[in-house]
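So the sequence shown is numbered by the working numbering: it starts at 22 and just counts up by one.
Where is the CB? At the ideal position from N, CA and C, for every residue including glycine.
See structure below.
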Amino acid sequence: MKIIMRSSLAHVMEVLHICELLIVEPRVNIFVLESVKMSLLHLIGNPSTLFSRVIAKAGNIYILIQDLLNTERKVDDKIPLLYKKYEHLIITNQEVYIACKLAMLSNSWTTKHCILKFLKQLDHASQDFMKQVMHLIFGLFISNDSEIVLKAFSVICMQYNKSDEFSYLILTLILYKISNTTNSNVHFKLLKYLPQLSKTKENYQKIVSTINAIFNGADGVLKTLAMSLMYDVWIINRKAYPYLEDMLTSTVSECMNNLMEFYTNKAYIIKKICENSPEIHGADMVAHLSRILTKYSREGESASAIAIDGIVVLCNANIIDIETTWTTLASKFIEDGRTQTIESLLHLAAAIANLLHPENHAKLQEEVIRKVWYYAEKPDDPRIKRAAFDALLEFGLENISPFFPEKYLDQTSDQLNMNHVQIPGRCWINFLKNQTNFEETSNFLIKMLSKEVDEFPKSVYHVASMKEPANYTYLPAHSILRGFAEYCRIQMSKWSSCKPVYIELMRILSQEYSKPYPPCNWCYLQELFHEPELKAYCLSLASRQVVISGTARRLIENYIIGLTTNLENENEILQVYKNLKFLANSIQPTILCPFLRNTVNYAKNIWKEDYKNELLNSEIGFLKDLLVNSSIQEVSKREIVAVIDETIENLEASDEVRSVSLEC
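See below:
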């Protein structure tokens, strides 16, 4: 096999004659025949430098092999005997030695399972070994069993990713296999891999020509696939752009199967070109995007939506004017009822927030924000609400406040809104109350609060007196934190009358943000700790504040002391462990260490009674995270290690609890 590949033009005919004599032996197994056929395919598929008689000879041997493969073959039992007899000579030549070993190995393959097992073992083989066996792998690749073909192909791909030494041969075999298989899965995987081979200069033109032939000769799905393949080639080799552009500008029959899929794929490729090369090809793509929007404005939802996303990319790259673009698209699609189209239009609205200066485009900004608010209020589609909220976030609180829906304003805040002052934080609670589904609105408010916390100046964390402020009235009226925290404090005694909103506000406040909230007296959380629906949120909120709040610290310390002697509720134990990264540096070791020691011992005991109980695994997992957390002080880490040492001190080496604990 290798000799055929390596022979010079002067000797290749003699090599082919020898090959012909050898393969007619009745005991030559099918894997050897497939490997020889693979070498012949390369000669036949690349005839430019060979004499016609060499090509003819290779073709005749190929036909002979095809006939031999259709006949029953016997296992060649001579090879082991020959190897044993001439071993002292064989081992002096690496090529001959490996060939004999591979021949004996292939003779041992009595079932498909044996072959698949061999191929699987190659996943961890060395690079040098792989180079020696690749010709056998190629032979398996052109066999007729689809499962073997796919596994051999994965091995070939793995090898090509490490070295392109066989790239020319891999391409020949893939093209052969594409034309000689009826398995759709094999077809698809081979076609999808073609662009990867274009990295090699010698393969580029052949791959481009093959993909072009598929595009021009196919219909429906294959035409769409060919366009995607050419795009993949372009990503690797930018010289392919003229071929890709020809496909993008080509006209197809309106009766073509999967027409909408074709145009959706076309829009996607154009969008990706805009993302990858806006300065070079962005201007050329405008016309293509416009045609898609014009032709499929009322059908082909995905194509229109992706085309709008492509236009957003060009706007962000300053290739086209965003003001003109909004005016054109809004008039055409703003009342569109299709989710994807509206979602893409809202992406354009978000881009406007970053590209236009409010003072120079005040009228346009007002129009856009009002329209975004309109979709943010619509209760029916969560995807549209999410896109609308994302757009509002881009504009920022200062810009969206003047256009806050009036029905959520109270009398004082309505007057503030008329004067274009930011609305009070409590108005967002009115907005939340009127939502049928809290999820998207709450996620939006979490992001808004996160931005507010990020922007808190250092001054708000310093209080004049030693006493914590009773509330957040010292924060600006428009502060979302002030509005939410004050509502939860005031409504504490009657929270059950507004339970869904109250629980959601506590969930929002208990999220982890970039830094703790400014100082405040959190004593009122003590009353809420007794409510099962609020306990986890209260614990998380107080835990995040212990670093700067004395009231929060005392609250948590009292809770942990009570939990240390009452270990029956596993969920409460795990809630504390989840918040340990906030507590480890702030809670006194005299309080935290007994809790850790008792809870780990408790988990160890119930583990011995019930192996399915995951409490110990969970606790060890949280402790392990603490030990690798760079923000945790070394003294705290030493205390944790001491607790683990005590846990495993008297355990046998074979004890499973010891194994679990040592994972820490």
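| Asked | Found |
| --- | --- |
| Where R659 falls, given that 16 or more other Cβ within 10 Å makes a residue buried | exposed |
| N81 (DSSP reduced to helix, strand or coil) | helix |
| Separation of V567 from S651, as counted between CA atoms | 19 Å |
| Beta-carbon contacts of A304 that lie in its chain and below 7 Å, excluding the five residues immediately before and after | I340 |
| Exposed unless 16 or more other CB atoms sit within 10 angstroms - verdict on Y289 | buried |
| Three CB pairs or more closer than 8 Å across the region 485-499 and the region 554-565 | no |
| A491, DSSP secondary structure in three states | coil |
| Three-way DSSP call (helix, strand, coil) for D144 in this model | helix |
| Pair within 9 Å by beta-carbon distance, D185 and K220 | yes |
| Proximity to T457 [Cα-Cα], best of P400, V393 and I195 | P400 |
| H483 (DSSP reduced to helix, strand or coil) | coil |
| Identity of the residue in Q386, H382 and A412 nearest L396 by Cα | Note on residue identity: the sequence assigns Tyr, not Leu, to residue 396. Selected option, being the one with the closest Cα: A412. |
| Simplified DSSP assignment, three categories, for P299 | helix |
| CA-to-CA distance, A372 to D357, given in whole angstroms | 20 Å |
| Separation of L61 from S37, as counted between CA atoms | The amino acid at residue 37 is misidentified as Ser; the sequence shows Leu. Cα to Cα, L37 sits roughly 9 Å from L61. |
| Y508 vs I569 beta-carbon contact at 9 Å | no |
| Where S651 sits in the DSSP three-state scheme | coil |
| Pair within 9 Å by beta-carbon distance, V170 and T202 | yes |
| C-beta atoms of I291 and Y264 nearer than 9 Å | no |
| Within 9 Å, strictly: CB atoms of T346 and E322 | no |
| E344 versus L466: straight-line alpha-carbon distance, rounded | 29 Å |
| Given L335 as reference, the closest of H368, S352, S480 and K353 once Cα atoms are compared | H368 |
| Entirely enclosed alpha helix (DSSP H) segments - the region 189-227, minimum 4 residues | 205-214 |
| For E296 and M151, the rounded distance between their alpha carbons | 39 Å |
| Distance, E398 Cα to P610 Cα | 49 Å |
| Pair within 9 Å by beta-carbon distance, M248 and M268 | yes |
| Cutoff 7 Å; reference Q547; Cβ partners in own chain excluding five residues on either side | L576 |
| Residue from A326, D402 and G417 with nearest C-alpha to F354 | A326 |
| Rounded distance between the beta-carbons of I450 and F424, thought under 8 Å | Actually they are not in contact, since the Cβ atoms of F424 and I450 sit about 19 Å apart, beyond 8 Å. |
| Complete beta strand (DSSP E) runs within the region 505-550 (minimum length 3 residues, chain order) | none |
| Distance between E266 and N286 (C-alpha atoms, nearest Å) | 14 Å |
| Continuous alpha helix (DSSP H) stretch holding G331: start and end | E322 to N337 |
| Distance CB(I158)-CB(I177) smaller than 9 Å | yes |
| Opening and closing residue of the alpha helix (DSSP H) in which P403 lies | P403 to F416 |
| Segment limits, alpha helix (DSSP H) that includes I163 | Per DSSP, I163 belongs to no alpha helix (DSSP H) and is neither H nor E. |
| Close-in-space but distant-in-sequence residues of the same chain around L366 (CB under 8 Å, 5 per side omitted) | I329, L350, A351, F354, I355 and D357 |
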